[in-house]
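Take a look at the structure below.
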Amino acid sequence: MNAVHGAAGPGAAGIAVFVLLFALTILLGASAGWRRGRTGRAAAETTEEWGLGGRSFGTWITWFLVGGDFYTAYTVIAVPALVYATGAYGFFALPYTIIVYPFVYAVMPRLWQVAKAGGHATAADIVRARTGSRALERVVAATGLLAILPYIALQLVGMRTVLGALGLPGEVPLVVAFTALAAYTWLGGLHAPAVTAFLKDVMIYVAVIAAVTVIPRHLGGYGAVFAEAGRHMRPAPAGHVLGAGQAVPYATLALSSALAAFLYPHTLTGVLAARNADTIRRNAVMLPAYTLLLGLIALLGLMAHAAGISTTHPNTIVPSLFLLVFPGWFAGFCLAAVAIGALVPAAVMAVGAANLLTRNLLPAPARAGTRAAQVMALLVKVAALGFVLLLDPLFAIDLQLLGGVWVLQTLPALVLGLLPLRLTPTGLLMGWAAGMAGGSFMVFADGLKPVHALHLGGQETVGVSTALLALLLNLLVALGVSLLARPTRRRAG
Amino acid sequence: MRRIAWLLLLLPCAGLLWVPFYDRPGPALLGFPFFYWYQLAWIPVTSVLIWLVWRLERA
Chain U
1 MNAVHGAAGP GAAGIAVFVL LFALTILLGA SAGWRRGRTG RAAAETTEEW
51 GLGGRSFGTW ITWFLVGGDF YTAYTVIAVP ALVYATGAYG FFALPYTIIV
101 YPFVYAVMPR LWQVAKAGGH ATAADIVRAR TGSRALERVV AATGLLAILP
151 YIALQLVGMR TVLGALGLPG EVPLVVAFTA LAAYTWLGGL HAPAVTAFLK
201 DVMIYVAVIA AVTVIPRHLG GYGAVFAEAG RHMRPAPAGH VLGAGQAVPY
251 ATLALSSALA AFLYPHTLTG VLAARNADTI RRNAVMLPAY TLLLGLIALL
301 GLMAHAAGIS TTHPNTIVPS LFLLVFPGWF AGFCLAAVAI GALVPAAVMA
351 VGAANLLTRN LLPAPARAGT RAAQVMALLV KVAALGFVLL LDPLFAIDLQ
401 LLGGVWVLQT LPALVLGLLP LRLTPTGLLM GWAAGMAGGS FMVFADGLKP
451 VHALHLGGQE TVGVSTALLA LLLNLLVALG VSLLARPTRR RAG
Chain H
1001 MRRIAWLLLL LPCAGLLWVP FYDRPGPALL GFPFFYWYQL AWIPVTSVLI
1051 WLVWRLERA
């Protein structure tokens, strides 16, 4: 059933290359704190240093850090898997990761200024400062935490896929990888991924550029790749590339994903750690370079068909392609790139989640100091490991989908607070509740699908991103309640 | 001028969210169907547009 799965792993040379690069990354990251030296222990002891890199990252480090934690190992595994399974439809990740940057340019520099002025490190900090509502702060923090946990779990799933392809059996390699991740974040804080993101990105670029030049040559050029992949898909209606009824889901999923992308704790942490607002503007110009990489990675899903890989586990196609096409040592290099590609974002995610716990969710006595943040980051990772070991990985994927719907519901509280239009905290809170409840209900009612079918009179239905529908509900309720509440409050005040 | 510059940021959204405009196989470029190369082409275009807005904003 699987043409490649039974095939040999990358051999001793490949495993040696993999282990060497993986160990090097851990060492570089873990020692990031010491090598910075600066004022020695004092600097490393402050939470702002550990959790936000002291807000010191310039254009290039921010580029590597944000690029490195937005485009995760799960991207490298899951985007081609989706394209493999659904063809052109899976490509919605491309418009998503393009239109996200005009949004980043318009919104994030302002958010950075607000955060810098108030000493905020999380979305919930900002919301509390803007609205004065402790309840809103807590729900925004809890939503971020719920959304990030399955995301970390998926990084570990990605790592396990790669370790499996290397021929390392069982859960032992995963536990080793996890311990590595924990040590790396504990010692280095946000400096660890900032230093190693560079290594990771260069390796992923090399692996992917090699793949998209070498593989089509094996398969007879891109024309042949598209033609051959087309034969494995349900044919599109004449004159189209997408299937019937896929256009609206394609566009709305791209839009809702783009709006949600920088509301996650890990992406926001990367943005807030920038040195100044202009660093973020420059990055909005430069970050699309990663989208080019993503587009090429997505093509691997089509190449897998052309290469004759036939599997019911689409998540294995990228490792399978590497093993099929490259010599053992280079396959080892590529697999290491993906594994390190899981480590970097997982570390930023754990730091982002720890920031939420220590700053917004825990009672004051438990939140002091870097040690508390380190312990929280560790607990977050143990929870994510628990997900992977104890639950069906499918559950992590479903939860990640729900997480995407949920995290988008923090957009009104976080982003509309920047506009002159002032919604009341009660309105925002009720909008959030409506969006969360409505979104979760639709996702469950639809059998855990990201698209909800809307009935347009008669038999016609149109699929729309569930996250976007939930956001509309959220905005309507927030606006409605704010408008109703305002006049009475004025009269009372 | 600044206001108009900000409208440039909406171009990628319009160009990519109106799917019927590019949901077609031809004309192909270097073996890539139109659907694929059109979306890939928006990457450098978006970069340049954001850069332009940034320059105009500072001017």
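Going down the list, the sequences are from chains U and H.
Residue numbering for the first sequence is 1 to 493, as defined by this note's numbering.
Residue numbering for the second sequence is 1001 to 1059, as defined by this note's numbering.
Beta carbons: idealized from backbone N, C-alpha and C, even for Gly.
A contact is defined here as three or more CB-CB pairs under 8 Å, and the region 87-96 of chain U meets this definition with respect to the region 294-307 of chain U. Per DSSP, the beta-bridge partners of Val464 of chain U are U:His452. Annotation for Glu171 of chain U: no alpha helix (DSSP H) segment contains it, and DSSP assigns it neither H nor E. No Cβ of chain U is located within less than 8 Å of the beta carbon of Pro1027 of chain H. The C-alpha of Leu483 of chain U is placed about 25 Å away from the C-alpha of Asp125 of chain U.
Met233 of chain U: not part of any alpha helix (DSSP H); DSSP gives it neither H nor E. DSSP, read as helix, strand or coil, puts Phe262 of chain U in coil.
The region 88-103 of chain U makes contact with the region 1011-1019 of chain H, as at least three CB pairs between them are under 8 Å. Out of U:Val325, U:Met108, U:Gly132, the CA that lies nearest to the CA of Thr424 of chain U is found in U:Gly132. Spanning the alpha carbons of Thr461 of chain U and Leu469 of chain U requires a straight line of approximately 15 Å.
Nearest C-alpha to Gly67 of chain U among U:Leu479, U:Leu429, U:Val348, U:Leu428: U:Val348. Considering only U:Gly457, U:Met376, U:Ala73, U:Ala147, the residue with the shortest C-alpha distance to Cys334 of chain U is U:Ala73.
Closest in C-alpha terms to Thr358 of chain U, from the list U:Arg138, U:Val17, U:Gln409, U:Met203, comes U:Arg138. A straight line joining the alpha-carbon of Ala284 of chain U with that of Gly458 of chain U spans about 44 Å.
Under the Cβ distance rule, Ile1043 of chain H counts among the residues neighbouring chain U, one pair being separated by less than 8 Å. Sequence-ordered contacts of the region 271-287 of chain U with chain H read Arg281, Arg282, Ala284, Val285, Met286 [C-beta pairs closer than 8 Å]. Nearest Cα to Leu411 of chain U within the set U:Asn315, U:Ala123, U:Pro450: U:Ala123. Counting along the chain, no alpha helix (DSSP H) covers Gln409 of chain U, and no H or E run does either.
Against chain U, the CB of Arg1024 of chain H has a partner CB under 8 Å away; the residue lies at that interface. Going by beta carbons, Pro169 of chain U and Gly463 of chain U fall outside the 8 Å limit. Given a length threshold of 4 residues, each whole run of the alpha helix (DSSP H) inside the region 121-156 of chain U is given here in chain order: 123-131.
Ser31 of chain U and Trp186 of chain U have their alpha carbons spaced roughly 11 Å apart.
Exposure of Arg134 of chain U is indicated by the presence of fewer than 16 other C-beta atoms within 10 angstroms of its C-beta. For the set U:Phe70, U:Phe92, U:Pro80, U:Arg130, the Cα lying nearest the Cα of Val104 of chain U is the one of U:Phe70. Counting only runs of at least 3 residues, the region 328-376 of chain U fully encloses no beta strand (DSSP E) element at all. Secondary structure within the region 73-121 of chain U: the alpha helix (DSSP H) runs of 4 or more consecutive residues, fully enclosed, are 73-86, 93-118 (chain order). Listed by position along chain U, the residues whose Cβ is nearer than 8 Å to that of Leu1009 of chain H are Pro102, Tyr105, Ala106.
By the 16-neighbour rule on beta-carbons within 10 angstroms, Arg217 of chain U is exposed. Ala88, Phe91, Leu94, Pro95, Ile98, Ile99: these are the residues of the region 73-99 of chain U whose beta carbon lies less than 8 Å from some beta carbon of chain H, given in chain order. For Gln1039 of chain H, the enclosing alpha helix (DSSP H) has its first and last residue at 1034-1058. Taking CB atoms only, Ile1050 of chain H has a neighbour in chain U less than 8 Å away. Taking a contact as a CB-CB distance under 8 Å, the pair Gly51 of chain U and Val351 of chain U counts as one, their CB atoms being some 6 Å apart.
Here Leu287 of chain U is not near Trp60 of chain U, since their CB atoms are 8 Å or more apart. Contact annotation: in the region 217-242 of chain U, residues whose CB is within less than 7 Å of a CB in chain H are Gly221, Tyr222, Gly223, Phe226, Gly239, His240, Val241, Leu242. The beta carbon of Ala337 of chain U sits closer than 6 Å to those of Met203, Ile204, Ala207, all from its chain and outside the five residues before and after it, given in chain order. Taking every protein chain shown into account, the CB of Val172 of chain U has fewer than 16 other CB atoms within 10 angstroms, so this residue is exposed.
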